[in-house]
Amino acid sequence: MSQREWIEKDFYKELGVSSNASADEIKKAYRKLARDLHPDANPGDTKAEERFKSVSEAHAVLSDPAKRKEYDEARRLFASGGFGQGGGGFNPGAGGFGQGGFDINDLFGGGGAAAGDGGLGDIFGGLFNRGAGGGGGGATRTTNRPRRGSDVETETTLEFREATLGVTVPLRLTSPSPCTTCHGSGAKPGTSPRVCPRCNGTGIVSRNQGAFGFSEPCDDCRGTGSIIDSPCEVCHGNGVTNRTRTITVRVPAGVSDGQKIRLAGQGEAGLRGAPSGDLFVTVRVRPDKVFGRNGDDLTLVVPVSYGELVLGTTVSVPTLEGRVGVKIPAGTADGRILRVRGRGVPKRAGGAGDLLVTVKVAVPQKLDDPATEALKTYLEAEKASGFDPRAGWAGA
Ligand code: ZN
Ligand code: ZN
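In terms of our numbering, the sequence shown opens at residue 322 and continues consecutively.
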């Protein structure tokens with residue numbers, strides 16, 4: 322079925338009843354139409370046969386309270402902001418109703434839109450997210466094309482080690498979803514929205530000014546096409562409330578502060594069978610007391626004594642997952658960076674960066690007498706051996 326071939330499905334219109342018709346009125350209307358249009362009464366009349374099918378479809382939905390409720394809700398969803406206008410014209414998708422089943426997904430599953438047929442849809446489509454039929458009749462064709470759900474952004478703060486090693490965190494997300502009290506209709510339970518009498522449900526009124534005709538959104542219904550007399554107390558007639566959900570997110574190893582993680586399909590639900598939006602999580606990483614980070618390399622400062630640098634030693638330093646011995650060669654200068662391969666931040670492609678250990682001499686603030694004496698003796702011996710710390714210094 323091509324986009325232009327889809328049939329408008331206003332079941333109330335099909336039966337010639339109002340959208341708040343009682344079950345009795347629907348039954349009566351259907352019986353009369355079924356009698357008039359029955360193929361036995363109209364042999365060879367294909368138009369009557371088509372109408373008979375449509376009327377039967379309409380009756381199948383509207384005569385079942387549960388199905389009618391679903392249908393009304395779907396209409397209301399389309400009519401409410403962002404879902405497009407629901408004056409009629411649902412595309413059930415290929416075979417949707419023909420198989421006898423009625424599923425709200427059939428309503429959402431239809432493809433295609435009539436915007437552009439009338440021109441008006443192109444003009445107002447961006448403003449009201451809907452298309453308007455270009456002809457008379459008052460019924461509006463909807464832009465009920467599937468619409469991908471919105472992307473959602475959120476933020477999470479991780480400890481340094483969680484971020485570098487990877488972690489699974491629960492995320493609480495709040496996003497708009499149909500109000501559960503009124504099922505998105507915006508009307509107080511037990512009541513339903515009525516078609517706006519001023520614009521006949523199109524949401525658009527025409528105004529003539531001189532030689533020009535203007536179309537503008539209907540003031541009475543604010544362009545929605547329907548009027549809610551008793552708004553739902555929970556959502557105040559919006560049909561939408563904020564829903565909080567918790568999802569578990571696996572944060573890969575090696576994320577850094579400020580990085581955005583994309584979780585495909587975890588954003589807002591799509592409309593009419595369209596895919597969900599994505600969730601973008603901005604990661605904040607708390608600094609660590611021991612480690613720093615430079616890309617995939619982990620940095621660490623290890624305090625050493627002057628003697629350790631002169632004679633050389635092996636010091637035990639922490640890694641992300643344990644400890645490692647780092648050999649300091651004899652004669653190592655203060656501030657030198659020693660590289661321990663593969664003990665840094667895990668890389669997405671496998672392997673890991675390096676651990677960069679900076680040696681920093683810790684100078685004793687106080688020495689006892691034997692140590693002071695020994696140091697004096699040492700300095701004299703050092704001088705005698707010919708060591709001059711300022712030899713070759715530009716400031717000498
Ligand atoms: Zn509500
Ligand atoms: Zn109106």
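Every residue, glycine too, gets a C-beta built ideally from N, C-alpha and C.
Within 7 Å of the C-beta of residue 507 there is at least one heavy atom belonging to ligand 1. Using a 10 angstroms sphere on the CB of residue 658, the tally of other CB atoms stays under 16, which defines it as exposed.
In this structure, the straight-line span from the alpha carbon of residue 470 to that of residue 638 is close to 49 Å.
Put simply, the stretch 387 to 394 touches the stretch 492 to 512. At least three CB pairs are less than 8 Å apart. Per DSSP, the beta bridge partners of residue 515 are 548. For residue 535, the enclosing beta strand (DSSP E) starts and ends at 533 to 538. When secondary structure is reduced to three states using DSSP, residue 646 falls in the strand class. One Cα belongs to residue 599, the other to residue 362, and the distance between them is close to 55 Å. Straight-line measurement puts the Cα of residue 536 at about 11 Å from the Cα of residue 544.
Note that the C-beta distance between residue 636 and residue 602 is not below 8 Å. For residue 555, there is no enclosing beta strand (DSSP E), as DSSP marks it with neither H nor E.
Counting only residues of its own chain and dropping the five nearest sequence neighbours on each side, residue 538 has a CB closer than 7 Å to the CB of 449, 524, 525 and 544. At a cut-off of 7 Å, the beta-carbon of residue 528 does not count as near ligand 2: no heavy atom of the ligand is closer than that. A direct Cα-to-Cα measurement between residue 554 and residue 568 gives close to 29 Å. Close CB contacts of residue 359 within its chain, under the 7 Å cut and outside five residues either way in sequence, are with 373 (chain order). The way I'd put it, the stretch 556 to 566 does touch the stretch 505 to 522; three or more beta-carbon pairs between them come closer than 8 Å. Its chain contains 534 and 536 as the residues whose beta carbon lies nearer than 6 Å to that of residue 527, once the 5 sequence neighbours on both sides are disregarded; these appear in chain order. In this structure, the CA atom of residue 671 is about 12 Å from the CA atom of residue 617. Note on geometry: alpha-carbon atoms of residue 475 and residue 709 lie some 60 Å from one another. Distances between the C-beta of residue 519 and the heavy atoms of ligand 2 include at least one below 7 Å. Taking residue 495 as the centre and dropping the five residues before and after it, the same chain places the C-beta of 563 and 565 closer than 6 Å to its C-beta, in chain order. Residue 484 counts as buried, since at least 16 other C-beta atoms from the protein chains shown sit within 10 angstroms of its C-beta. Annotation for residue 502 indicates a beta carbon within 7 Å of some heavy atom of ligand 1. In this structure, the beta-carbon distance from residue 679 to residue 643 does not fall below 8 Å.
Cβ contact annotation for residue 669 (same chain, cutoff 8 Å, sequence separation greater than five): 573, 574 and 575, in chain order. In this model, residue 684 and residue 641 are separated by some 28 Å (Cα to Cα). Set against 7 Å, the gap from the CB of residue 611 to the closest heavy atom of ligand 1 is not smaller. Positions of the alpha helix (DSSP H) runs, each at least 4 residues long and wholly inside the stretch 614 to 684, are given as 627 to 632 in order along the chain.
With distances taken between CA atoms, residue 622 lies nearest to 661 out of 550, 661, 597 and 384. Approximately 54 Å separates the beta-carbon atoms of residue 487 and residue 522; this is outside 8 Å, ruling out the contact.
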